[in-house]
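Asks: In this text, residue positions in the sequence shown follow the working numbering: the first is 447, and each later residue adds one. In this text, a Cβ means the ideal position worked out from N, Cα and C, and glycines have one as well. Have a look at this one.
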Amino acid sequence: GQAEECAREAPRRDSWVVVVGTSRYWANYRHAANSLAIGRVARLLGVPSSHVITLLAEPCGCSGPNSRRGSMYLESGGPDLLEGVRLDAAYGRVTPRSVKETLTGRNELLRSGPHSNVVLYLTGHGGDEFLKFHDADELSAIELADAIREMRRKRRYRRLLVIVDTCQAASLFSRLDDASGVLGVASSRVGENAYASSPDATIGVALADRFTEHVAARF
447 GQAEECAREA PRRDSWVVVV GTSRYWANYR HAANSLAIGR VARLLGVPSS HVITLLAEPC
507 GCSGPNSRRG SMYLESGGPD LLEGVRLDAA YGRVTPRSVK ETLTGRNELL RSGPHSNVVL
567 YLTGHGGDEF LKFHDADELS AIELADAIRE MRRKRRYRRL LVIVDTCQAA SLFSRLDDAS
627 GVLGVASSRV GENAYASSPD ATIGVALADR FTEHVAARF
């Protein structure tokens, strides 16, 4: 009945997804597409668009070499990943500080609470215990752990899923050993690389990283 339907919908209404693409420049098209694809999956699964927070260091839809002006794709002939998307922050406003402020409630983007299910998705270039931003700044494993601890103190989630698609992705979880209610999923282990898909014949760069490509293909 109606009560059962409301019970099924309630978790979706209190679900939040924060997607962060940290790379700029056309050669890193895939990192923006990765983020947009995960946001699209969230919406397909019923998360309200207003609860999908998109932070992109550079949306490549209007970049000079893009023959599909104003659009981005995860696969040739697939849906336009930019369609209907609200960019909550882009370019120079996507920094380690702005991500931490979003997670910890120092801005108005993530309005989660003690009953919320939150997904944080991070993609870009990374290394041992760091994720690069704009090739000029870094979010460290320590900073990520501190932000999550603050989220827990402020009761900003019931369950938190952190997904990282970058080289040595698992190293970003190295400081989360005491974080209750947190599940981490990494595209690569410490010392491993993450790999891009093959370059697209039309635009000449990879459209996605393999991990995210496989995740999105399931939806």
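Residue range of the alpha helix (DSSP H) that Thr550 falls in?
Replies: Numbered from 1 along the sequence shown, position 104 holds the residue referred to as residue 550. Looking at the DSSP string, the run of the alpha helix (DSSP H) that includes Thr550 is 542-550.
Asks: Closest to Gln614 by C-alpha separation, out of Gly570, Asp623, Arg595, Ala591, would be which residue?
Replies: What you label residue 614 is simply residue 168 of the sequence shown in a count that begins at 1. For the residues Gly570, Asp623, Arg595, Ala591, the minimum Cα distance to Gln614 belongs to Gly570.
Asks: What residue ranges within the stretch 529-602 form continuous alpha helix (DSSP H) runs of no fewer than 4 residues, ordered along the chain?
Replies: For the stretch 529-602, whole alpha helix (DSSP H) runs of length 4 or above, ordered along the chain, are 542-550, 587-599.
Asks: By how many angstroms is the C-alpha of Ser644 removed from the C-alpha of Tyr567?
Replies: In the sequence shown, residue 567 corresponds to position 121, counting from 1. In the sequence shown, residue 644 corresponds to position 198, counting from 1. For Tyr567 and Ser644, the distance between alpha carbons rounds to 22 angstroms.
Asks: Take Glu638 as the anchor and find which of Leu618, Asp624, Ala654, Leu653 has the nearest alpha-carbon.
Replies: In the sequence shown, residue 638 corresponds to position 192, counting from 1. Among Leu618, Asp624, Ala654, Leu653, the Cα nearest to that of Glu638 is on Leu618.
Asks: Count the other CB atoms, across all protein chains shown, that sit within 10 Å of the CB of Asp655; report buried if there are 16 or more and exposed otherwise.
Replies: In the sequence shown, counting from the first residue as 1, residue 655 sits at position 209. Classification of Asp655: buried, given that the 10 Å Cβ count is 16 or more.
Asks: Going by other Cβ atoms of all chains shown within 10 Å of its Cβ, with 16 needed for buried, is His497 buried or exposed?
Replies: The count along the sequence shown starts at 1 and reaches residue 497 at position 51. Per the 10 Å Cβ criterion, buried.
Asks: Quick check on DSSP: helix, strand or coil for Val487?
Replies: Translated into positions along the sequence shown, residue 487 becomes position 41. Helix at Val487.
Asks: Distance, Cα to Cα, Phe657 vs Gly630?
Replies: The residue labelled residue 657 in the question sits at position 211 within the sequence shown. The residue labelled residue 630 in the question sits at position 184 within the sequence shown. About 14 angstroms.
Asks: My output table needs one value for Thr658: the three-state DSSP class, helix, strand or coil.
Replies: Here the question's residue 658 lines up with position 212 in the sequence shown. Thr658 falls in the helix class under three-state DSSP.
Asks: Which residues mark the beginning and the end of the beta strand (DSSP E) in which Ser461 is found?
Replies: Sequence index remark: in the sequence shown, residue 461 carries index 15 (1-based). Looking at the DSSP string, the run of the beta strand (DSSP E) that includes Ser461 is 461-467.
Asks: Just verifying my parser: in three-state terms, what is the DSSP assignment at Gly516?
Replies: Numbered from 1 along the sequence shown, position 70 holds the residue referred to as residue 516. Three-state result, Gly516: coil.
Asks: Based on the DSSP output, what are the partners of Arg605 in its beta bridges?
Replies: Here residue 605 refers to the residue found at position 159 of the sequence shown. According to DSSP, Arg605 bridges with Asn563.
Asks: Mapping the DSSP letters down to three states, classify Leu622 as helix, strand or coil.
Replies: Sequence index remark: in the sequence shown, residue 622 carries index 176 (1-based). Three-state DSSP puts Leu622 in coil, outside helix and strand.
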